Amino acid sequence: MAAKRLTVLLTNDDGPPGYESPYTFGLYKHLTRTLGWDVRVVIPSSQKSWIGKAYQIKDIVRGRFYYPRDPDGAGETSDSSRPLKEGEIGEWILIDGTPASCANIALHNLYPGEIDLVVSGPNLGRNTSGEFVWRGNDGRVIYSCRSWVAAFSLSSGTLGAALSSSLSQIRSIALSYGTIRRYPSQTLFDPAHALSTKIIQHLWDNWGEDGGGLRNGEVDLYSVNIPMIPGLLGESSLPIIWTRIWRNTYHRLFKAYSPKQASGLEHSDFQTGPDSPITTSAQAVTQARADISPKNPTDLSFQFSPDMSGLIDLQPSSLPEGSDTWAIEKGWVSVSPLRASFGEPPEFATGGVLQDRIWKIKL
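In full-length UniProt numbering, the protein residues as written are 1 to 363.
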């Protein structure tokens with residue numbers, strides 16, 4: 001008897017194919033053509049980075065149909081479903097909502113009971129706060145890469161969508177392509193998609209166990225991080241390793257402006273949040289720190305402009321061995337099993353005797 005054809009939901013936080021969302025179309029083709037899976041695509045209608053697992057609870061969330069074409073996924077939109085035109089490779093759905101909203105609407109309204117697996121991504125990868133710089137013998141920067149770590153993972157729309165679907169007890173994978181300092185070379189796209197396809201297939205066939213998992217004692221979700229580095233072009237695959245997410249911190253996220261300055265501002269120039277192509281240098285960050293506070297306490301205008309100092313040129317010796325960031329620094333693929341919950345200190349997570357956990361204070 002033939003194995004059941006897998007039905008997969010593909011979502012992201014980068015929106016429809018374009019400069020800010022260069023990967024989803026290619027992965028879609030690999031999943032459908034290489035694996036023969038039935039892939040339903042429901043994605044935000046625009047860039048939705050830095051939004052975590054948020055939902056829009058007071059808005060009417062509207063959608064429309066999208067019909068991508070080769071070679072780059074550009075296509076037409078329609079308010080109603082229609083037959084495919086020549087050259088169109090499928091019918092996708094764009095939702096005017098968050099990544100988590102896309103996942104939940106797809107699972108419970110559009111395709112109830114049909115989805116076996118959710119893949120969120122591939123993210124134009126910078127749900128991270130760590131940048132690693134590879135230098136030649138002369139000290140010249142060859143390339144740099146950022147990986148997922150805890151501080152930015154908590155804000156990640158890509159992980160937010162996977163968390164949303166895992167809370168609906170659906171196997172979920174969040175996928176990120178760690179961005180190089182400059183916009184990634186298109187020669188890396190196809191090798192990254194091919195490697196992702198193999199990793200996704202392997203995870204599906206060998207899904208891990210977790211006694212505390214929400215779905216039959218299984219791992220809730222996985223976070224997969226693939227560095228977009230020249231090693232993808234080699235004859236052998238990049239090493240793949242099980243990791244844990246490195247816990248780190250971030251600092252100032254907003255820059256202050258006077259009312260006069262703010263009147264000329266419309267949107268942050270940090271448009272794609274942690275997913276944007278990396279352009280910040282350590283020198284530029286130092287310069288930007290000069291104006292981070294209001295000159296007057298009544299100047300209450302702020303714009304998103306993260307201070308990335310301290311996150312540039314991280315030293316490998318400072319990284320915990322076995323963490324996702326440590327793996328990316330080595331040019332390896334990291335795979336982190338996660339639970340769809342907040343973490344707890346060990347003494348609370350283990351439970352203990354009930355009587356010992358009751359507060360003994362006078363109120």
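Backbone N, C-alpha and C fix where the C-beta goes; we use that ideal spot for every residue, glycine too.
Here the structure is a predicted model, which means the values were calculated and not measured.
Out of curiosity, what's the CA-to-CA distance linking residue i and residue j?
{"i": "W242", "j": "S334", "result": "6 Å"}
{"i": "V8", "j": "V353", "result": "43 Å"}
{"i": "L35", "j": "T197", "result": "8 Å"}
{"i": "L107", "j": "G15", "result": "18 Å"}
{"i": "P346", "j": "H30", "result": "41 Å"}
{"i": "L214", "j": "Y257", "result": "45 Å"}
{"i": "I200", "j": "W332", "result": "16 Å"}
{"i": "S301", "j": "K255", "result": "8 Å"}
{"i": "R69", "j": "I89", "result": "6 Å"}
{"i": "R171", "j": "P22", "result": "25 Å"}
{"i": "S305", "j": "L253", "result": "6 Å"}
{"i": "L259", "j": "D307", "result": "Here the sequence assigns Pro to residue 259, which means Leu is not the residue at that position. One C-alpha to the other measures close to 21 Å."}
{"i": "Y67", "j": "V39", "result": "14 Å"}
{"i": "P239", "j": "H202", "result": "14 Å"}
{"i": "S317", "j": "Y19", "result": "35 Å"}
{"i": "Q303", "j": "P337", "result": "35 Å"}
{"i": "S341", "j": "E209", "result": "16 Å"}
{"i": "S81", "j": "R64", "result": "8 Å"}
{"i": "S185", "j": "G231", "result": "13 Å"}
{"i": "L188", "j": "G234", "result": "11 Å"}
{"i": "A54", "j": "E76", "result": "28 Å"}
{"i": "W60", "j": "K330", "result": "First, the amino acid is wrong: residue 60 is Ile here, not Trp. Whole-angstrom Cα-Cα distance: 45 Å."}
{"i": "N216", "j": "L84", "result": "39 Å"}
{"i": "L10", "j": "E86", "result": "23 Å"}
{"i": "I115", "j": "S168", "result": "11 Å"}
{"i": "D72", "j": "P17", "result": "7 Å"}
{"i": "I6", "j": "E321", "result": "First, the amino acid is wrong: residue 6 is Leu here, not Ile. L6 and E321: Cα-Cα distance of roughly 36 Å."}
{"i": "L363", "j": "R357", "result": "17 Å"}
{"i": "S165", "j": "Q355", "result": "36 Å"}
{"i": "L319", "j": "R244", "result": "12 Å"}
{"i": "R126", "j": "G211", "result": "Note that R126 has pLDDT 45, beneath the 50 cutoff, so the model's placement of it is unreliable and the number below is only indicative. Each residue's Cα considered, the two are about 31 Å apart."}
Determine the extent of the beta strand (DSSP E) in which residue i is found, giving its start and end residues.
{"i": "K362", "result": "No beta strand (DSSP E) contains K362, which DSSP labels as neither H nor E."}
{"i": "L338", "result": "333–338"}
Starting from residue i, trace the alpha helix (DSSP H) both ways and give me its first and last residue.
{"i": "W326", "result": "324–329"}
{"i": "D9", "result": "Going by the sequence as given, residue 9 is Leu instead of Asp. No alpha helix (DSSP H) contains L9, which is instead part of the beta strand (DSSP E) from 7–11."}
{"i": "S301", "result": "Element bounds for S301: not the alpha helix (DSSP H) but the beta strand (DSSP E), 301–304."}
Kindly say whether residue i, judged by its beta-carbon, lies nearer than 9 Å to any beta-carbon of chain D.
{"i": "Q47", "result": "Any reference to chain D falls outside this structure, which holds one protein chain only."}
Helix, strand or coil for residue i, going by three-state DSSP, please let me know.
{"i": "G178", "result": "strand"}
{"i": "S165", "result": "helix"}
{"i": "residue 376", "result": "The structure shown does not extend to residue 376, since the chain is modelled only from 1 through 363, so no value can be given for it."}
{"i": "S317", "result": "helix"}
{"i": "S153", "result": "helix"}
{"i": "A3", "result": "coil"}
To test your reading of the DSSP string, which unbroken beta strand (DSSP E) runs of 3 or more residues are found completely within the stretch 57–129?
63–68, 75–78, 92–95, 117–125
Should the stretch 88–104 be called in touch with the stretch 30–45, which here means at least 3 C-beta pairs below 8 Å?
yes
Please specify which runs of the beta strand (DSSP E), each continuous and at least 3 residues long, are wholly inside the stretch 190–265, giving them in chain order.
With a minimum length of 3 residues, the unbroken runs of beta strand (DSSP E) contained wholly in the stretch 190–265 fall at 221–227, 240–242, 254–257.
If you scan the stretch 16–51 from start to end, which runs of the alpha helix (DSSP H) of 4 or more residues do you find wholly inside it?
Runs of the alpha helix (DSSP H) inside the stretch 16–51: 24–29.
Taking 8 Å as the threshold, find out whether the stretch 323–330 comes into contact with the stretch 244–259 through three or more Cβ pairs.
yes
Between the stretch 185–205 and the stretch 17–31, do three or more beta carbon pairs fall short of 8 Å?
Contact holds: three or more Cβ-Cβ distances are below 8 Å.
Would you call the stretch 151–169 and the stretch 49–56 touching, i.e. three or more CB-CB distances under 8 Å?
yes
Do the stretch 100–116 and the stretch 17–28 make contact, defined as three or more Cβ pairs closer than 8 Å?
no
Counting Cβ pairs closer than 8 Å, one from the stretch 156–163 and one from the stretch 109–122, do we hit at least three?
They touch, by the three-pair rule.
Evaluate the contact criterion for the stretch 163–177 versus the stretch 216–235: three or more CB pairs, one atom per stretch, below 8 Å.
The stretch 163–177, when compared against the stretch 216–235, does touch it at the 8 Å Cβ threshold.
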